[in-house]
Amino acid sequence: MMQEGRDNDTAYFGTKSFLSVSGQLHLESVCRGMGNVYTLGPTFRAENSRSRLHLSEFYMLEAELAFCQSLGELQSIIEDLMKHIFKEIRNTNEADLHVIDKNNITPKWLEKTFVTITYDEAKQILGHKGINSVDDGINKEQELALVDHCNGVPVFVVQWPKKLKSFYMKETEFDNQKVDALDLLGPITGEIAGGSLREDNYEKLQAKLPSDALNWYLELRKFGNIPTGGFGLGIERLLQVLCGVPNIKDTLPFPRWPHNCSM
Numbered sequence: 000m001m002q003e004g005r006d007n008d009t010a011y012f013g014t015k016s017f018l019s020v021s022g023q024l025h026l027e028s029v030c031r032g033m034g035n036v037y038t039l040g041p042t043f044r045a046e047n048s049r050s051r052l053h054l055s056e057f058y059m060l061e062a063e064l065a066f067c068q069s070l071g072e073l074q075s076i077i078e079d080l081m082k083h084i085f086k087e088i089r090n091t092n093e094a095d096l097h098v099i100d101k102n103n104i105t106p107k108w109l110e111k112t113f114v115t116i117t118y119d120e121a122k123q124i125l126g127h128k129g130i131n132s133v134d135d136g137i138n139k140e141q142e143l144a145l146v147d148h149c150n151g152v153p154v155f156v157v158q159w160p161k162k163l164k165s166f167y168m169k170e171t172e173f174d175n176q177k178v179d180a181l182d183l184l185g186p187i188t189g190e191i192a193g194g195s196l197r198e199d200n201y202e203k204l205q206a207k208l209p210s211d212a213l214n215w216y217l218e219l220r221k222f223g224n225i226p227t228g229g230f231g232l233g234i235e236r237l238l239q240v241l242c243g244v245p246n247i248k249d250t251l252p253f254p255r256w257p258h259n260c261s262m
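Note that numbering that gives the first Met the number 0 gives residue 8 to position 9 of the sequence shown, counting from 1, and the numbers run on in steps of one.
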């Protein structure tokens, strides 16, 4: 399969290519022509972590919504989706759930509205608890502390500092140092899902991108542009929450993590 005159990095596709870390940018493109779209597929991350919460290969459900202009819309869809999935699993596989965790058949959050707090509010809550500053984000211990503060109910953390999030996230209307982004935190695992409104202003997006990088993505803001928003939800982490599984490696038969890929 190797093309003559090419090195190993470009031999197969003719250009340097990588395993997929997300289908989001492609969904944004398709969304402009088809409306609401989603994808469910394998995702690869080269994170050097062997913790109970990380995998090198996992499945992620990603969705992109046309004409989405509020984080509240994304939050409602994510919350309804999680609750619907769990109720369907409970109604059709209750015996299996009893085997996995007899105390988790009806978690207390199932009939409660998910909590919403801003990043700044999260910082204040953690400060009052005497937990280290979150100037550089919110780590796993802090995520779980926030869920515990909300009595085990999943919590949306919204309105994040721009410096902590990705280039494609839309600046908030009232503070250009914040972006309209969300993280959904849940018991056992911490972050379950992440999402945002997408930056639809050509000039603002161009300023965030290196020269000549992702030109095709930038061009989407020129022709047939519409506001969109979307999210990604980790399937194995969702299973951890739904089934009460402490270690993510126990949610699939052949887990892969750094320095382990035996099958």
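No residue lacks a Cβ here, since even glycine has one placed at the ideal position from N, Cα and C. Computed from a prediction, not measured in an experiment: that's the story for all the values here.
Measure the Cβ-Cβ separation of residue i and residue j and say whether it is below 9 Å.
{"i": "Y118", "j": "I99", "result": "no"}
{"i": "L183", "j": "I77", "result": "yes"}
{"i": "L196", "j": "Q74", "result": "no"}
{"i": "I234", "j": "T188", "result": "no"}
{"i": "P186", "j": "P106", "result": "yes"}
{"i": "I191", "j": "V157", "result": "no"}
{"i": "P257", "j": "N47", "result": "yes"}
{"i": "L96", "j": "R89", "result": "yes"}
{"i": "L70", "j": "F155", "result": "yes"}
Distance, Cα to Cα, residue i vs residue j?
{"i": "D218", "j": "S261", "result": "This sequence places Glu at residue 218; Asp is not what is there. One C-alpha to the other measures close to 42 Å."}
{"i": "S19", "j": "T112", "result": "34 Å"}
{"i": "M33", "j": "E72", "result": "19 Å"}
{"i": "A180", "j": "A121", "result": "14 Å"}
{"i": "F66", "j": "V114", "result": "25 Å"}
{"i": "F12", "j": "G129", "result": "52 Å"}
{"i": "G126", "j": "V152", "result": "20 Å"}
{"i": "S165", "j": "Q205", "result": "13 Å"}
{"i": "F57", "j": "P226", "result": "29 Å"}
{"i": "A94", "j": "P160", "result": "44 Å"}
{"i": "R220", "j": "D174", "result": "22 Å"}
{"i": "E142", "j": "L163", "result": "15 Å"}
{"i": "E110", "j": "K82", "result": "9 Å"}
{"i": "V29", "j": "R44", "result": "24 Å"}
{"i": "K139", "j": "I124", "result": "15 Å"}
Taking 7 Å as the limit between beta carbons, can you name the residues of its chain near residue i, skipping five residues before and five after?
{"i": "D8", "result": "K15"}
{"i": "L238", "result": "V244 and T250"}
{"i": "V178", "result": "W159, K161, K164, M168, K169, E170, T171 and S195"}
{"i": "R255", "result": "L54, S55 and E56"}
Going along the chain, which residues of its own chain have a beta-carbon closer than 6 Å to the beta-carbon of residue i, five neighbours each way excluded?
{"i": "N92", "result": "none"}
Excluding the 5 residues preceding and the 5 following residue i in the sequence, name in chain order all residues of the same chain whose CB lies nearer than 8 Å to its CB.
{"i": "E84", "result": "According to the sequence displayed, residue 84 carries Ile and not Glu. Once the five neighbours on either side are set aside, the close Cβ partners of I84 are L237 and L241."}
{"i": "G193", "result": "A180, L181, D182, L183, F230 and G231"}
{"i": "S21", "result": "T42, M59, E61 and G231"}
Does the CB of residue i have a neighbour CB from chain B at under 9 Å?
{"i": "T42", "result": "The structure shown has no chain B; it contains just one protein chain."}
Original post:
Counting pairs of beta carbons, one from the region 54–65 and one from the region 227–240, are three or more of them closer than 8 Å?
Top reply: At 8 Å Cβ cutoff, the stretches touch.
Original post:
How do the region 199–215 and the region 161–170 stand: do at least 3 beta-carbon pairs fall below 8 Å, yes or no?
Top reply: The region 199–215, when compared against the region 161–170, does touch it at the 8 Å Cβ threshold.
**OP:** Would you check if there are 3 or more beta carbon pairs closer than 8 Å linking the region 209–219 to the region 43–52?
**Re:** Counting Cβ pairs under 8 Å, fewer than three are found: no touch.
Subject >> Whole runs of the beta strand (DSSP E) within the region 25–79, excluding any shorter than 3 residues >> reply: Listed in chain order, the beta strand (DSSP E) runs fully inside the region 25–79 are 36–43 and 56–65, counting runs of at least 3 residues.
Subject >> Every unbroken beta strand (DSSP E) inside the region 166–200 [3 residues or more] >> reply: You should have 177–185 and 189–196.
Original post:
When the Cβ atoms of the region 27–46 are set against those of the region 141–159, are three or more pairs found closer than 8 Å?
Top reply: Taking a cut-off of 8 Å on C-beta distances, the region 27–46 does not touch the region 141–159, as fewer than three cross pairs fall below it.
Subject >> Continuous beta strand (DSSP E) assignments of at least 3 residues falling wholly in the region 122–169 >> reply: Those beta strand (DSSP E) runs which fall completely within the region 122–169 and span 3+ residues are 154–160.
Original post:
What runs of the beta strand (DSSP E), each 3 residues or longer, lie entirely inside the region 202–256?
Top reply: Entirely contained in the region 202–256, the beta strand (DSSP E) runs reaching 3 residues are, in chain order, 227–233.
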